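Worksheet: one structure, shown below.
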Amino acid sequence: MSIDLPFHRAWLDDDEINEVVDTLKSGWLTTGPKTHRFEEDFKEYIGCKHALGLNSCTAGLHLSIAAMEFPEGSEVITTPMTFPATANVIVHERLRPVFVDIEPGTLNIDAGKIEAKITGKTRAIFPVHFAGHPCDMDAIAEIARKHNLMVFEDAAHALETSYKNRKIGNLGNLTSFSFYANKNITTGEGGMLTVNDDELADKTRILRLHGLSKDAWKRFGKTGFSQWELLAPGYKYNLTDIAASLGIHQLKKTKKFFDLRKRYSEMYNEGFKDTPEIETPVIKDYAQSSYHIYIIALRLERLNVTRDQFLNEIQARGIGVAVHYVGLHLQPFYREEFNTKPTDCPVATDYSQRVLTLPLYPKMSVEDVSRVIEVVTELVAKFRR
Ligand SMILES: Cc1ncc(COP(=O)(O)O)c(C=O)c1O
0 MSIDLPFHRA WLDDDEINEV VDTLKSGWLT TGPKTHRFEE DFKEYIGCKH ALGLNSCTAG
60 LHLSIAAMEF PEGSEVITTP MTFPATANVI VHERLRPVFV DIEPGTLNID AGKIEAKITG
120 KTRAIFPVHF AGHPCDMDAI AEIARKHNLM VFEDAAHALE TSYKNRKIGN LGNLTSFSFY
180 ANKNITTGEG GMLTVNDDEL ADKTRILRLH GLSKDAWKRF GKTGFSQWEL LAPGYKYNLT
240 DIAASLGIHQ LKKTKKFFDL RKRYSEMYNE GFKDTPEIET PVIKDYAQSS YHIYIIALRL
300 ERLNVTRDQF LNEIQARGIG VAVHYVGLHL QPFYREEFNT KPTDCPVATD YSQRVLTLPL
360 YPKMSVEDVS RVIEVVTELV AKFRR
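Numbering (numbering that gives the first Met the number 0) for the sequence shown: 0 to 384.
This is how it looks when you write it as structure tokens:
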């Protein structure tokens with residue numbers, strides 16, 4: 000059976016389409032006025048001092064680390080329950096990722112286990128707000144202050160996330176958001192780096208475009224040509240105006256999208272509340288989630304099925320599903336290169352075998368959500384021990 004209820008579909012209206020057409024007709028396609036406008040809007044939305052448009056969240060994560068110029072072999076603490084980009088950028092800078100186990104329920108880094116992993120080489124903590132639930136940022140900030148560490152947040156899932164009524168994007172030293180196709184808002188590919196420190200903002204702004212002192216818009220702008228100087232060996236991470244055209248209008252819809260995601264998440268919670276074989280997401284009292292993805296964990300000891308078989312059964316009924324994630328400490332590269340083992344992070348190892356992600360996005364209908372609940376509960380009944 001083919002998938003007729005996909006894992007994700009973006010919500011794009013005529014305002015996004017018209018803005019892209021306007022950009023194409025303007026003749027200015029790369030970083031320029033639309034990117035500037037999107038950055039200004041994003042800054043206001045988060046309430047931070049600087050927002051830098053980028054071609055991905057990965058670029059923001061990399062710039063955060065690259066800007067610090069930590070000595071080779073320095074250690075950066077992060078979670079194994081994340082997309083590879085979080086840890087890969089640490090490796091790109093010839094640093095060592097140190098995985099700290101996650102807490103049950105939220106599947107976020109367990110702040111209570113961070114200090115035990117700090118050594119003389121530790122330079123930063125990289126929390127990931129998993130599935131859009133904020134990490135315990137006060138606890139992380141306190142550890143960082145005590146040990147003089149930087150905090151770089153991976154907020155790929157966390158647009159609309161708040162911690163103790165404070166929006167994510169303002170809490171760590173640098174925060175990276177994603178506008179990848181399935182994120183809470185999308186530019187196809189794209190990201191934003193938020194920062195309040197002027198010096199770090201200047202440094203990352205220069206590194207985002209090869210290390211040049213001026214971007215193209217400034218070089219060829221209305222005030223006439225002006226030459227750049229090369230200040231550092233930087234990267235090619237700038238956002239295009241074509242992508243920013245989508246972002247400008249997507250950003251205006253965050254509240255509408257959020258309300259739908261929350262409503263569908265609550266429908267899922269309600270639908271599974273009498274199914275003890277399924278563990279549903281926990282939301283702490285300090286948290287507002289962005290409801291980015293809806294993850295269930297199967298209680299495998301109550302079922303005669305593996306997670307992957309269960310996943311295939313859902314797909315066979317026409318519904319797209321995913322896995323977020325199989326822990327990075329279990330992946331061949333990290334096992335071979337950094338000698339990580341399943342026992343390093345037992346909670347993450349356990350969840351890696353039993354999590355699966357159900358479709359959750361504003362383009363779904365109430366009937367779609369009901370159908371997913373029905374299929375999943377029927378499958379639980381089929382495989383119940
Ligand atoms: C937790 C996490 N971090 C980083 C990324 C990378 O985002 P991007 O694709 O915008 O580089 C993703 C993307 O899915 C993610 O889920």
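Quick reminder that beta carbons are idealized off the backbone N, C-alpha and C, glycines included.
In this text, all values refer to a predicted model and were calculated from it rather than measured experimentally.
Could you compute how far the alpha carbon of residue i sits from the alpha carbon of residue j?
i	j	result
Lys166	Ala286	10 Å
Ile277	Ala84	29 Å
Pro103	Asp196	34 Å
Ala58	Ile16	26 Å
Leu192	Phe176	6 Å
Val90	Arg384	44 Å
Val97	Tyr179	26 Å
Phe41	Leu378	42 Å
Asp214	Tyr293	39 Å
Phe382	Leu199	53 Å
Leu392	His291	With the chain represented from 0 up to 384, any question about residue 392 goes unanswered, as that position is not in the structure.
Leu62	Thr376	44 Å
Gly111	Asp14	46 Å
Glu188	Glu92	23 Å
Ser264	Leu297	17 Å
Ala86	Glu366	38 Å
Leu272	Glu335	Just to set this straight, residue 272 is Lys in the shown sequence, not Leu. About 41 Å.
Leu206	Ser225	19 Å
Mind checking whether the beta-carbon of residue i lies closer than 8 Å to any heavy atom of ligand 1?
i	result
Phe41	no
Leu106	no
Phe82	yes
Ala58	yes
Lys182	yes
Tyr162	no
Phe69	no
Phe178	yes
Thr85	yes
His156	yes
Ser175	yes
Val90	no
Ser55	yes
Val127	yes
Asp153	yes
According to DSSP, is residue i helix, strand or coil?
i	result
Ile292	coil
Glu152	strand
Phe176	strand
Met191	strand
Val320	coil
Thr472	Beyond the ends of the chain as shown, which are 0 and 384, falls residue 472; an answer cannot be given.
Ala143	helix
Glu39	helix
Ile282	coil
Leu199	helix
Gln287	strand
Phe256	helix
Pro133	coil
Arg353	coil
Phe6	coil
Val379	helix
Arg165	strand
Asn17	helix
Gly270	helix
Arg298	coil
Ile444	The structure shown has nothing for residue 444, since the chain only spans 0 to 384.
Return yes when the C-beta of residue i is under 8 Å from any heavy atom of ligand 2, and no when it is not.
i	result
Glu188	This structure lacks ligand 2; the ligands present are ligand 1.
Please check the pair residue i and residue j, which I expect to be a contact at CB under 8 Å, by giving their CB distance rounded to whole angstroms.
i	j	result
Leu250	Tyr44	6 Å
Glu74	Arg95	5 Å
Leu329	Val320	Contact flag wrong, Cβ pair sits at about 20 Å.
Val322	Leu355	6 Å
Asp100	Pro345	7 Å
Thr339	Tyr333	5 Å
Gly52	Glu38	5 Å
Thr78	Asn107	7 Å
Ser288	Gly171	That pair is no contact at about 18 Å.
Val194	His49	5 Å
Ile241	Thr22	6 Å
Leu28	Thr239	6 Å
Thr186	Ala243	7 Å
(message) When you compare the stretch 155 to 165 with the stretch 127 to 138, are there three or more beta-carbon pairs, one atom per stretch, that lie closer than 8 Å?
(response) yes
(message) Quick check: the stretch 109 to 126 against the stretch 139 to 156, are at least 3 beta-carbon pairs closer than 8 Å?
(response) yes
(request) Answer yes if the stretch 2 to 18 comes into contact with the stretch 362 to 375, meaning at least three C-beta pairs across the two stretches below 8 Å, and no otherwise. (result) yes
(message) Count Cβ pairs between the stretch 233 to 243 and the stretch 51 to 71 that sit closer than 8 Å; are there 3 or more?
(response) yes
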